[in-house]
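Enquirer:
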Amino acid sequence: AAAVDSGAGVLFVVKNYTGDVLNFDMAAELAEDEGIRVAKVLVNDDVAVTDSLYTAGRRGTGATLFVEKI
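Numbering (my numbering), first residue to last: 9 to 78.
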């Protein structure tokens, strides 16, 4: 985050996978400890997975590209 922060802070666009969420939360915490402002967008658009026994919830798959483009 420090490599791309120009003073206004950074934006994390995170897909809703458990590992990604945990790692980006930790990265955000470390960046904030260094004085970097962090905002996070969690993408969970996966309409194929509503209530599955095999996943932790909707993942961010298709819409992530559009979120990053905006």
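For every residue, glycine included, the Cβ atom is placed at its ideal position computed from N, Cα and C.
(1) So for V29, helix, strand or coil by DSSP?
(2) Ends of the beta strand (DSSP E) at V49?
(3) Terminal residues of the continuous alpha helix (DSSP H) containing V12?
(4) Alpha carbon to alpha carbon, what distance is there between T26 and L38?
(5) Within the continuous alpha helix (DSSP H) that includes E42, where are the two ends?
Expert: Let's see:
(1) Helix at V29.
(2) Per DSSP, V49 belongs to the beta strand (DSSP E) from V46 to V51.
(3) Where V12 is concerned, there is no enclosing alpha helix (DSSP H), given that its DSSP letter is neither H nor E.
(4) Rounded to the nearest angstrom, the two C-alpha atoms are 19 Å apart.
(5) Careful: E42 lies outside any alpha helix (DSSP H) and carries neither H nor E.
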